[in-house]
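S.K.:
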Amino acid sequence: MSKFIPIFVSFLVILISRPMASQSTVHQGQNPDSIGLLIIDIQNFYFEGDKKLEGCIEASLVAKKLLTAFRGKGLPVIHVMHGTKSKIHENVSPAEGEKVIVKQDINAFKGTDLLEYLHKTGIKKLIICGMMTHMCLEGGTRAATDYGFDCTVIHDACATRDLTFGNETVKARDVHVSTLATLTYYAKVISADEFLKTF
Numbered sequence: 316m317s318k319f320i321p322i323f324v325s326f327l328v329i330l331i332s333r334p335m336a337s338q339s340t341v342h343q344g345q346n347p348d349s350i351g352l353l354i355i356d357i358q359n360f361y362f363e364g365d366k367k368l369e370g371c372i373e374a375s376l377v378a379k380k381l382l383t384a385f386r387g388k389g390l391p392v393i394h395v396m397h398g399t400k401s402k403i404h405e406n407v408s409p410a411e412g413e414k415v416i417v418k419q420d421i422n423a424f425k426g427t428d429l430l431e432y433l434h435k436t437g438i439k440k441l442i443i444c445g446m447m448t449h450m451c452l453e454g455g456t457r458a459a460t461d462y463g464f465d466c467t468v469i470h471d472a473c474a475t476r477d478l479t480f481g482n483e484t485v486k487a488r489d490v491h492v493s494t495l496a497t498l499t500y501y502a503k504v505i506s507a508d509e510f511l512k513t514f
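Heads up: the sequence shown begins at 316 in this note's numbering, then just goes up one per residue.
(1) Below 8 Å on the Cβ atoms is my guess for C444 versus A472; work out the distance and round it to an integer in Å.
(2) What is the rounded straight-line gap between the Cα of H470 and the Cα of A507?
(3) Helix, strand or coil: how does DSSP classify E509 here?
(4) With DSSP as the reference, label H404 as helix, strand or coil.
(5) Ignoring anything shorter than 3 residues or poking outside the region 426-455, list the beta strand (DSSP E) runs there in chain order.
(6) Taking 6 Å as the limit between beta carbons, can you name the residues of its chain near F424, skipping five residues before and five after?
(7) Could you tell me the distance, in whole angstroms, from the CA atom of V395 to the CA atom of I354?
(8) DSSP three-state label for K503, please.
(9) Give me the Cα-Cα distance between E369 and K388, rounded to the nearest whole angstrom.
(10) Quick one: what does DSSP say F480 is sitting in, helix, strand or coil?
(11) So which of G364, T456, A378, F480 has the shortest CA-CA distance to Y500?
(12) Kindly identify the DSSP beta-bridge partner or partners of C466.
(13) Going by the CB atoms, is the gap between P409 and V415 shorter than 7 Å?
(14) Since L353 is in the beta strand (DSSP E), which residue starts that stretch and which ends it?
(15) Please report how far the alpha carbon of F360 lies from the alpha carbon of T479, in whole angstroms.
(16) Is K418 helix, strand or coil by DSSP?
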């Protein structure tokens, strides 16, 4: 009889450990770093003078809501700034340890380590907002999609300005909406409230 005891004990160990192994596998699959917030060019020069964007304050406050939500869950945040002459606006100032990318072109990936950082961090899904809607926000979103990232643009956390071509001026609101309409081919485009409901 005693020779069966070790076998019985081994059988019990296997039964007990199976649920634990299963739980561990599920936990490992829920990689918190698979999603990241990408904030593009919300800098002071878009809040003052002739470069001021329509709805810049409102957009920055919506971006701040996203930033607070990501920080609350300990999820990665990437700040992008065009050059260093103008600081990132106080509403979305980087916290210590948050990644800051400095670019010189429209596309945030061009000439920067953004792609390398996203791969290293394990980010596969990007929540994107920023300024200007029709320029660096659009350029960064298109590039991210081309690199295989699952992109969501938060439309009320973006802002732009009137554009002039020839003798015609296109109002900022129309520039904003038409750009977002185009971006629906590259990304999911939703409001901050829609995103945060399921975040």
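All C-beta atoms, glycine included, are put in the ideal place defined by N, C-alpha and C. Quick caveat, the model's predicted, so the values are computed rather than measured.
M.R.: The short version:
(1) Residue numbering aside, residue 444 sits at position 129 when the sequence shown is read from its first letter. Residue numbering aside, residue 472 sits at position 157 when the sequence shown is read from its first letter. The pair is a contact, with the Cβ atoms about 3 Å apart (cut-off 8 Å).
(2) For the purposes of this step, residue 470 is taken as the residue at position 155 of the sequence shown. For the purposes of this step, residue 507 is taken as the residue at position 192 of the sequence shown. About 8 Å.
(3) The residue you call residue 509 lines up with position 194 of the sequence shown. Helix at E509.
(4) Position 89 of the sequence shown holds residue 404. Coil at H404, not helix or strand.
(5) 440-446
(6) The count along the sequence shown starts at 1 and reaches residue 424 at position 109. Contacts found: L430, A458.
(7) Residue 395 sits at position 80 when you count from the first residue of the sequence shown. Residue 354 sits at position 39 when you count from the first residue of the sequence shown. Distance between the alpha carbons of V395 and I354 is about 6 Å.
(8) Position 188 of the sequence shown, counted from the start, is the residue given in the question as residue 503. Strand at K503.
(9) What you label residue 369 is simply residue 54 of the sequence shown in a count that begins at 1. What you label residue 388 is simply residue 73 of the sequence shown in a count that begins at 1. One C-alpha to the other measures close to 31 Å.
(10) Residue 480 sits at position 165 when you count from the first residue of the sequence shown. The answer is strand: DSSP assigns F480 an E or B state.
(11) The sequence position of residue 500 within the sequence shown is 185, counting from 1. Ranking the options by Cα distance to Y500, first place goes to T456.
(12) Translated into positions along the sequence shown, residue 466 becomes position 151. Note: C466 sits in a beta bridge opposite L441.
(13) Reading the sequence shown from its first residue, position 100 is the one you call residue 415. Reading the sequence shown from its first residue, position 94 is the one you call residue 409. Closer than 7 Å, so yes.
(14) Residue mapping note: residue 353 aligns to position 38 of the sequence shown, counting from 1. Run containing L353: 350-355, per the beta strand (DSSP E) assignment.
(15) Within the sequence shown, the letter at position 45 stands for residue 360. Within the sequence shown, the letter at position 164 stands for residue 479. One C-alpha to the other measures close to 20 Å.
(16) The count along the sequence shown starts at 1 and reaches residue 418 at position 103. The answer is strand: DSSP assigns K418 an E or B state.
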